[in-house]
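Visitor: Okay, here's the structure, questions in a sec.
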Amino acid sequence: PYYLSPEIIQSQPYSFKSDIWSLGVLLYEMCALQPPFNAQSLHQLATKIIQGKYASVPGHFSQSISNLLEAMLNKDPNKRPNVNQILKYPVIAERIKKLLNEEDFKDEFSHTILHNQNVFDEFKAIQSRKKADEERKQKEAAEEEEKKKMEELDKQMNNIQLNEYKPKYGQDPQLFNAMYMN
Numbered sequence: 002p003y004y005l006s007p008e009i010i011q012s013q014p015y016s017f018k019s020d021i022w023s024l025g026v027l028l029y030e031m032c033a034l035q036p037p038f039n040a041q042s043l044h045q046l047a048t049k050i051i052q053g054k055y056a057s058v059p060g061h062f063s064q065s066i067s068n069l070l071e072a073m074l075n076k077d078p079n080k081r082p083n084v085n086q087i088l089k090y091p092v093i094a095e096r097i098k099k100l101l102n103e104e105d106f107k108d109e110f111s112h113t114i115l116h117n118q119n120v121f122d123e124f125k126a127i128q129s130r131k132k133a134d135e136e137r138k139q140k141e142a143a144e145e146e147e148k149k150k151m152e153e154l155d156k157q158m159n160n161i162q163l164n165e166y167k168p169k170y171g172q173d174p175q176l177f178n179a180m181y182m183n
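Printed below as a string of structure tokens:
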């Protein structure tokens, strides 16, 4: 009974938004280590769920989690987010980005209704930006390396022109000058 949405308790029509409510209850339990609605009897529990009043999650959780829970546990099912909206919440999107590479994301979401939505496109855009950033950094590093090599060559050329290169021990200075300095 802890996971029942207000509309189910009140015998009203319901949709997948009732599942969003239940998911919100589960997420709350994961954060607070207790259900958002608790009571001594089923009647009291039903009343609390219908009222939709619950204690905030512990303060060490982010405002983003609190906002997500508030949206998922909204008494009005029309105001609850859908799955795609939940996946776009920063706290969820960041974890998806950290935990799933592109191949895992495709495997995980391509067989669901989500692949018809913008979520997959958004994930591909994130991966594309990450790849572009990596390529840009590699290009900048290669350009920096090339610049250092060119500076070293310029320095060597300047040293030769300034006659700072001396013949090696035992090498005839006149022969050295004839070969390298003319």
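If you're matching positions, the sequence shown starts at 2 in the working numbering and goes up one per residue.
Glycine is no exception: its CB is placed at the ideal position from the N, C-alpha and C atoms.
These figures come from a predicted structure and were not determined experimentally.
For the candidate residues 143, 150, 26 and 97, whose alpha-carbon lies nearest to that of residue 128?
Guide: 97
Visitor: Alpha carbon to alpha carbon, what distance is there between residue 94 and residue 49?
Guide: Approximately 31 Å, taken between the alpha carbons.
Visitor: When the Cβ atoms of the region 15-23 are set against those of the region 73-83, are three or more pairs found closer than 8 Å?
Guide: Contact between the region 15-23 and the region 73-83 is present, because at least three Cβ pairs lie under 8 Å.
Visitor: In chain order, what residues of the same chain have a beta carbon less than 6 Å from the beta carbon of residue 66, not counting five sequence neighbours either side?
Guide: 92
Visitor: Which stretch, first to last residue, makes up the alpha helix (DSSP H) that contains residue 64?
Guide: 64-73
Visitor: With residue 69 and residue 87 assumed to form a contact (beta carbons below 8 Å), what rounded beta-carbon distance in angstroms separates them?
Guide: 7 Å
Visitor: Measure the CB-CB distance between residue 46 and residue 2 and report whether it falls below 8 Å.
Guide: Yes. Within cutoff.
Visitor: Using alpha carbons as the reference points, say which of 5, 64 and 13 lies closest to residue 38.
Guide: Taking only the C-alpha atoms, the option nearest residue 38 is 5.
Visitor: Suppose the cutoff is 8 Å on Cβ atoms and the five residues either side in sequence are ignored; what does the same chain contact list for residue 33 look like?
Guide: These residues qualify, in order along the chain: 56, 58 and 59.
Visitor: Check each candidate in 71, 13 and 64 and name the one with the smallest Cα separation from residue 22.
Guide: Distance from the Cα of residue 22 is smallest, within the candidate group 71, 13 and 64, for 71.
Visitor: Can you tell which of 145, 102 and 144 has the C-alpha that lies nearest to the C-alpha of residue 131?
Guide: 102
Visitor: Looking at the secondary structure, which residues open and close the alpha helix (DSSP H) in which residue 25 lies?
Guide: First-last of the alpha helix (DSSP H) with residue 25: 18-33.
Visitor: Put residue 45 into one of helix, strand or coil per three-state DSSP.
Guide: helix
Visitor: Report the option in 35, 24 and 51 whose CA atom is closest to the CA atom of residue 9.
Guide: 51
Visitor: Alpha carbon to alpha carbon, how far is residue 139 from residue 145?
Guide: 10 Å
Visitor: From which residue to which residue does the alpha helix (DSSP H) around residue 102 run?
Guide: Where residue 102 is concerned, there is no enclosing alpha helix (DSSP H), because DSSP gives it neither an H nor an E.
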